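J.: Letter by letter, the sequence shown follows residues 3 to 728 of our numbering. Yeah, the Cβ is synthetic: ideal placement off N, Cα and C, and Gly gets one too. Here the structure is a predicted model, which is why all the values come from computation and not from measurement.
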Amino acid sequence: MFNTFQVITSSEIATTGRGGRPQRSPRRISTANACVECRRRKIRCDGLQPCAQCEWFRIPDRCMYSKPTQRVVPPKRIVERLQSQVDQYQAIVAQLFPGKDLQEVVALSRDGMIDLAMNLSAAGTCRDHHHGRPLARLQSVSKSEGMNNGHDASEETPDQCLELEDLKRLHDIIQGTPDDIVQGLSLVDEASSSYVGVSSITTAIKVMFETVPRARSFIMPAQTVGSSVEGTCSRPHDLDPDPDELPPESIGIKLIDSYFAHVHILMPMLDEESFRYRYQHQSRRDPPWLCLLNMVFALGSLSRSTCDSEEHLVYYQRARKHMDTETFGSGNLLTLQAFALLSGCYLRFLNRSNEAYAIMGATLRMAIAQGLHRDSEAPPTVSVACQGDAETTTEARRRTWWTLYVLDTWASSTTGQPLLGRAVAGMTTRFPRLPEQLDDTQHTGLLPLRHNVAYCKLATKVQDAVAANITIPFEELQALDIELERWHEELPPILRDAIERHCPGVLLTPRAIMHWRYQNLKLLMCRPTLLATALRGSSWSTMSADQRLIVGRCRMFATQTIADIETSCQENLVAGGHAVWMMYQAVMVPLVSLYSNLARPSASDDEIESWEQDVEKAITFFDRMQPWSLAAGKCRDTVQQLYNAMKLVAQESVAPRPQADASAPLSTVCEPQTMVQHDSVHIAETISPNINSDAVMTDFWDDMMRELPNCFNPQYEWWTPQDWPS
Numbered sequence: 003m004f005n006t007f008q009v010i011t012s013s014e015i016a017t018t019g020r021g022g023r024p025q026r027s028p029r030r031i032s033t034a035n036a037c038v039e040c041r042r043r044k045i046r047c048d049g050l051q052p053c054a055q056c057e058w059f060r061i062p063d064r065c066m067y068s069k070p071t072q073r074v075v076p077p078k079r080i081v082e083r084l085q086s087q088v089d090q091y092q093a094i095v096a097q098l099f100p101g102k103d104l105q106e107v108v109a110l111s112r113d114g115m116i117d118l119a120m121n122l123s124a125a126g127t128c129r130d131h132h133h134g135r136p137l138a139r140l141q142s143v144s145k146s147e148g149m150n151n152g153h154d155a156s157e158e159t160p161d162q163c164l165e166l167e168d169l170k171r172l173h174d175i176i177q178g179t180p181d182d183i184v185q186g187l188s189l190v191d192e193a194s195s196s197y198v199g200v201s202s203i204t205t206a207i208k209v210m211f212e213t214v215p216r217a218r219s220f221i222m223p224a225q226t227v228g229s230s231v232e233g234t235c236s237r238p239h240d241l242d243p244d245p246d247e248l249p250p251e252s253i254g255i256k257l258i259d260s261y262f263a264h265v266h267i268l269m270p271m272l273d274e275e276s277f278r279y280r281y282q283h284q285s286r287r288d289p290p291w292l293c294l295l296n297m298v299f300a301l302g303s304l305s306r307s308t309c310d311s312e313e314h315l316v317y318y319q320r321a322r323k324h325m326d327t328e329t330f331g332s333g334n335l336l337t338l339q340a341f342a343l344l345s346g347c348y349l350r351f352l353n354r355s356n357e358a359y360a361i362m363g364a365t366l367r368m369a370i371a372q373g374l375h376r377d378s379e380a381p382p383t384v385s386v387a388c389q390g391d392a393e394t395t396t397e398a399r400r401r402t403w404w405t406l407y408v409l410d411t412w413a414s415s416t417t418g419q420p421l422l423g424r425a426v427a428g429m430t431t432r433f434p435r436l437p438e439q440l441d442d443t444q445h446t447g448l449l450p451l452r453h454n455v456a457y458c459k460l461a462t463k464v465q466d467a468v469a470a471n472i473t474i475p476f477e478e479l480q481a482l483d484i485e486l487e488r489w490h491e492e493l494p495p496i497l498r499d500a501i502e503r504h505c506p507g508v509l510l511t512p513r514a515i516m517h518w519r520y521q522n523l524k525l526l527m528c529r530p531t532l533l534a535t536a537l538r539g540s541s542w543s544t545m546s547a548d549q550r551l552i553v554g555r556c557r558m559f560a561t562q563t564i565a566d567i568e569t570s571c572q573e574n575l576v577a578g579g580h581a582v583w584m585m586y587q588a589v590m591v592p593l594v595s596l597y598s599n600l601a602r603p604s605a606s607d608d609e610i611e612s613w614e615q616d617v618e619k620a621i622t623f624f625d626r627m628q629p630w631s632l633a634a635g636k637c638r639d640t641v642q643q644l645y646n647a648m649k650l651v652a653q654e655s656v657a658p659r660p661q662a663d664a665s666a667p668l669s670t671v672c673e674p675q676t677m678v679q680h681d682s683v684h685i686a687e688t689i690s691p692n693i694n695s696d697a698v699m700t701d702f703w704d705d706m707m708r709e710l711p712n713c714f715n716p717q718y719e720w721w722t723p724q725d726w727p728s
């Protein structure tokens, strides 16, 4: 008897499979690494340089490949040893500094660590760590205020997670990072979105990257927030301050003096005489008064210090204890004035633009609910707590209303955010009067507000015109410019000549700010036309006569603004904050001009040299103003990166090379992983001729206002629907 066995080789198994059926080959072969554009579109890439898809979409210069990150798996023994060491370090830190975060402790000096450890040890428990000593810069103030209630406060301990959230929120308040998109201080994509208009910095930056897409490759990602901050929030803040506590009278008087010397003249809502009388006689201790008083303390502390000081946070925290959703319906003028100081000045200083914009809107609604937008012969009815106060007089109400009007216009005109139609027939409040019985100081203090109101009415007209037409028609622009020139000519000589004429010290900063904003408004009327011509790739010879006039005036205004700000800016926080923002607005014009000329060379060497000098002058100014403005450092970094990227692209267009020279002075920016050789003509070809269509132009502006800046993932395409593959 014979047995027969069938032998099947491994190769036959591989071809037939277990069930005897032939195994099907894969549907398609995918590349190991697709280009950035194909990944974004989620389409197949052939792995070439440039790939077929990028050639099809006419963006070969965007076809770049990101190098995959190589994973390094350390041995398990090393991981366990390192974890053991970390646990030991954490145990030591927990014993010496109970309840403290490691990041808070590591920023302290050796003496500071010893001092903190002894204080925590004396407290006897880790539950009172959030009531420990305040910031090092607040020691003198805290001791004089009698803040020695650490043991009493330790009886109640909030949840630690809520406490860490409060610390993070205070850190964000100081840094102001969530609102960098609104102010154009961020060059990378963010998770949150913010609406900005055509008059914003963000729009100008997007135009640069659309004009010269290659510049995106040279932008260095921003560092992690807080990684380079030394000393900021290094010690815990008083997370649960006593809202009724006040500093000693001697310190309070100094803060009030500072407020009325530097801040009040820009927003003269308060009656100085009655305010000082009420404070010195301690005639009121109700929440509306304490809320307003602490906001005055916070702004007074700001105006007499530099950006490194954090004393103002103590008074801000006390003031916000009296601010909640219920206070919006209080109908109290003091509460309204406190919210005006918060949204119109304090949050703007901290770069909290979105929060300030929202609170200012609610504050205007409060003012309308109290009838401040209408004049009446008889004084309006007020709450019992406010009867007899000087702030409830007709003039105080007028000053409060027009101060809100000015602050809201100042904030919105440079971001393009809507003003929501305030100039309506129902608004009958007259301008603040300048009575003859006022002394010279009081008369002088009301001058800036009176003329700022007229300016803001013109600024509202300009913003409405930009919102309706994007680029203002030449005839309308000419009429607005004539009105603005008439306003400037009608100013008193003491306010008009901001550079040459001598004036009282109290008017130096308000006069300079009025002059900067006058120049900025003339610039904002012309800048949309500059951006539109840059997007269309229009050279000077191809522009119409009206366009050449508008673009030329825009560049002239920017150069003059940069020179005047550098000359007239005083070194204090009030002037520094306004000056840095106005300088940042002005320097966008020479930057856009340089990028536009890089795409379509048409400017002379003298013009290019003049634009570069303006940019370098602005960078130097930002460096000088860093102690006087929280935004100065970010403005400087943003402008420097945009300027360096333009220089590197220009070098490539003249002499293409595989990579930039590491010894070059512009080596501070990051180099792209894949260099694509091209010249200025090739750069310009990335802009489609369809941009000349008014409909396409309007769609682009709408997209630009909705989307966020994203230097690494281009989102704006210029082809029409029929250009898409079927």
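Tell me whether L493 is buried or exposed, calling it buried when 16 or more other Cβ atoms sit within 10 Å of its Cβ.
T.: By one-based count along the sequence shown, residue 493 stands at place 491. Buried, since its Cβ has 16 or more Cβ neighbours within 10 Å.
J.: Figure out for me which residue from E275, H517 and L551 has the closest Cα to the Cα of T531.
T.: What you label residue 531 is simply residue 529 of the sequence shown in a count that begins at 1. The shortest C-alpha separation from T531 is found at L551.
J.: V209 and L533: beta carbons closer than 8 Å?
T.: By one-based count along the sequence shown, residue 209 stands at place 207. By one-based count along the sequence shown, residue 533 stands at place 531. It is a contact, given that the beta carbons lie within the stated cut-off.
J.: Does the distance from the CB of W583 to the CB of A514 come in under 8 Å?
T.: Translated into positions along the sequence shown, residue 583 becomes position 581. Translated into positions along the sequence shown, residue 514 becomes position 512. No, the pair does not count as a contact, with Cβ atoms beyond the cut-off.
J.: Taking its Cβ as the centre, do 16 or more other Cβ atoms sit within 10 Å of K524, making it buried, or is it exposed?
T.: Within the sequence shown, residue 524 is the residue found at index 522, counting from 1. Answer is buried; the Cβ neighbour count reaches 16.
J.: Where in the stretch 246-320 do unbroken runs of the alpha helix (DSSP H), each at least 4 residues long, occur, reported from the N-terminal end onward?
T.: Counting whole runs of 4 or more residues, the stretch 246-320 contains the alpha helix (DSSP H) stretches 251-264, 274-283 and 289-305.
J.: Let me know the secondary structure DSSP gives E493 once reduced to three states.
T.: Working through the sequence shown from its first residue, we reach residue 493 at position 491. Looking at the sequence provided, one finds Leu at residue 493 rather than Glu. Three-state result, L493: coil.
J.: Can you tell me whether DSSP reads E453 as helix, strand or coil?
T.: Numbered from its first residue, the sequence shown carries residue 453 at position 451. It should be noted that the sequence gives His, not Glu, for residue 453. Looking at H453 - three-state DSSP - the assignment turns out to be helix.
J.: Measuring only from the beta carbon, is A500 closer than 7 Å to any heavy atom that is part of the ligand ADP?
T.: With respect to small molecules bound, the structure shown includes none, and the ligand ADP cannot be examined in it.
J.: Rounded to a whole number of angstroms, what is the C-alpha to C-alpha distance between S156 and L98?
T.: On the sequence shown, residue 156 is found 154 positions in, with the first residue counted as 1. On the sequence shown, residue 98 is found 96 positions in, with the first residue counted as 1. Summary for S156: the model assigns pLDDT 33, below 50, so the residue's position carries little reliability, and this model does not support an answer.
J.: Just list the alpha helix (DSSP H) runs in the stretch 58-116, keeping only unbroken ones of 4 residues or longer that don't cross its boundaries, in chain order.
T.: With a minimum length of 4 residues, the continuous alpha helix (DSSP H) runs that stay inside the stretch 58-116 are 78-98 and 104-108.
J.: Between Y359 and the rest of its own chain, which residues show a CB-CB distance below 7 Å, the 5 nearest in sequence each way excluded?
T.: Numbered from its first residue, the sequence shown carries residue 359 at position 357. Cβ neighbours of Y359 beyond the five flanking positions: A413 and Q419.
J.: Would the beta-carbon of V408 fall within 8 Å of that of N454?
T.: Walking along the sequence shown from the start, residue 408 turns up at place 406. Walking along the sequence shown from the start, residue 454 turns up at place 452. It is a contact, given that the beta carbons lie within the stated cut-off.
J.: When burial is assigned at 16 or more other CB atoms within 10 Å of the CB, is H517 buried or exposed?
T.: The sequence position of residue 517 within the sequence shown is 515, counting from 1. It is buried - the Cβ of H517 has at least 16 other Cβ atoms within 10 Å.
J.: If I'm right that S598 touches A647 with Cβ under 8 Å, what's the distance once you round it to whole angstroms?
T.: Counting from 1 along the sequence shown, the entry for residue 598 is found at position 596. Counting from 1 along the sequence shown, the entry for residue 647 is found at position 645. Actually they do not touch by this definition, with Cβ atoms about 14 Å apart.
J.: Would DSSP call A217 helix, strand or coil?
T.: Translated into the one-based positions of the sequence shown, residue 217 becomes position 215. The answer is helix: DSSP assigns A217 an H, G or I state.
J.: Buried or exposed for T416, please, with buried defined as at least 16 other CB atoms from any protein chain shown within 10 angstroms of its CB.
T.: As a position in the sequence shown, residue 416 is number 414, starting the count at 1. Answer is buried; the Cβ neighbour count reaches 16.
J.: Distance, Cα to Cα, S276 vs P506?
T.: Residue numbering aside, residue 276 sits at position 274 when the sequence shown is read from its first letter. Residue numbering aside, residue 506 sits at position 504 when the sequence shown is read from its first letter. For S276 and P506, the distance between alpha carbons rounds to 24 Å.
J.: Check whether the Cβ atoms of V200 and V589 lie closer than 8 Å to each other.
T.: In the sequence shown, residue 200 corresponds to position 198, counting from 1. In the sequence shown, residue 589 corresponds to position 587, counting from 1. No, the Cβ-Cβ distance between V200 and V589 is not below 8 Å.
J.: For S86, count the other beta carbons within 10 Å of its own beta carbon; 16 or more makes it buried, fewer makes it exposed. Which is it?
T.: By one-based count along the sequence shown, residue 86 stands at place 84. Exposed, because fewer than 16 other Cβ atoms sit within 10 Å of the Cβ of S86.
J.: Please report the straight-line C-alpha distance between S332 and G373, rounded to a whole angstrom.
T.: By 1-based counting over the sequence shown, the position of residue 332 is 330. By 1-based counting over the sequence shown, the position of residue 373 is 371. Straight-line Cα distance between these residues: approximately 13 Å.
J.: Distance, Cα to Cα, P629 vs L110?
T.: Within the sequence shown, residue 629 is the residue found at index 627, counting from 1. Within the sequence shown, residue 110 is the residue found at index 108, counting from 1. The straight-line gap from Cα to Cα measures roughly 22 Å.
J.: Less than 8 Å between the C-beta atoms of L460 and E491, yes or no?
T.: For the purposes of this step, residue 460 is identified with residue 458 of the sequence shown, where counting begins at 1. For the purposes of this step, residue 491 is identified with residue 489 of the sequence shown, where counting begins at 1. The answer is no: Cβ separation not under 8 Å.
J.: For E312, count neighbouring Cβ atoms within 10 angstroms of its own Cβ and tell me buried if that reaches 16, exposed if not.
T.: The residue you call residue 312 lines up with position 310 of the sequence shown. When all chains shown are included, E312 counts as buried.
J.: Taking only the alpha-carbon atoms, compute the straight-line gap between F559 and A605 and give it to the nearest angstrom.
T.: Locating residue 559 in the sequence shown gives position 557, counting from the first residue. Locating residue 605 in the sequence shown gives position 603, counting from the first residue. Going from the Cα of F559 to the Cα of A605 covers about 18 Å.
J.: Measure the CB-CB distance between R432 and R400 and report whether it falls below 8 Å.
T.: To locate residue 432, count along the sequence shown from 1; it is residue 430. To locate residue 400, count along the sequence shown from 1; it is residue 398. Against a cut-off of 8 Å, the Cβ pair of R400 and R432 comes out as a contact.
J.: Return helix, strand or coil for V200, following the three-state DSSP convention.
T.: For the purposes of this step, residue 200 is taken as residue 198 along the sequence shown, with counting starting at 1. Here V200 sits in coil by DSSP.
J.: For A340, is the classification buried or exposed, using 16 other Cβ atoms within 10 angstroms of its Cβ as the cut-off for buried?
T.: Walking along the sequence shown from the start, residue 340 turns up at place 338. Burial call: buried.
J.: Using a Cβ cut-off of 8 Å (strictly closer), state whether G579 contacts chain B.
T.: Here chain B cannot be found, since the structure has a single protein chain.
J.: At which residue ranges does the stretch 533-576 contain complete alpha helix (DSSP H) runs of 4 or more residues, listed in the order of the chain?
T.: Here the runs fully enclosed are 547-570.
J.: Just the C-alpha distance for E625 and L344, rounded to the nearest angstrom, thanks.
T.: Here residue 625 refers to the residue found at position 623 of the sequence shown. Here residue 344 refers to the residue found at position 342 of the sequence shown. Checking the sequence, you will find Asp at residue 625 rather than Glu. Rounded to the nearest angstrom, the two C-alpha atoms are 27 Å apart.
J.: Which value, in whole angstroms, describes the spacing of the CA atoms of P450 and R350?
T.: Sequence index remark: in the sequence shown, residue 450 carries index 448 (1-based). Sequence index remark: in the sequence shown, residue 350 carries index 348 (1-based). The straight-line gap from Cα to Cα measures roughly 20 Å.
J.: With H, G and I counted as helix, E and B as strand and the rest as coil, what does DSSP make of P592?
T.: For the purposes of this step, residue 592 is identified with residue 590 of the sequence shown, where counting begins at 1. P592: helix per DSSP, three-state reduction.
J.: How about P245 and R320: do their beta carbons lie closer than 8 Å?
T.: Taking the sequence shown and counting its residues from 1, the one referred to as residue 245 is at position 243. Taking the sequence shown and counting its residues from 1, the one referred to as residue 320 is at position 318. Yes.
J.: Taking Cβ to Cβ, would you say P475 is nearer than 8 Å to L268?
T.: Walking along the sequence shown from the start, residue 475 turns up at place 473. Walking along the sequence shown from the start, residue 268 turns up at place 266. Cβ atoms of P475 and L268: not closer than 8 Å.
J.: How should I567 be labelled, buried or exposed, when 16 other C-beta atoms within 10 angstroms of its C-beta is the threshold for buried?
T.: Your numbering for residue 567 matches position 565 in the sequence shown. Counting Cβ neighbours within 10 Å, I567 comes out buried, since at least 16 surround it.
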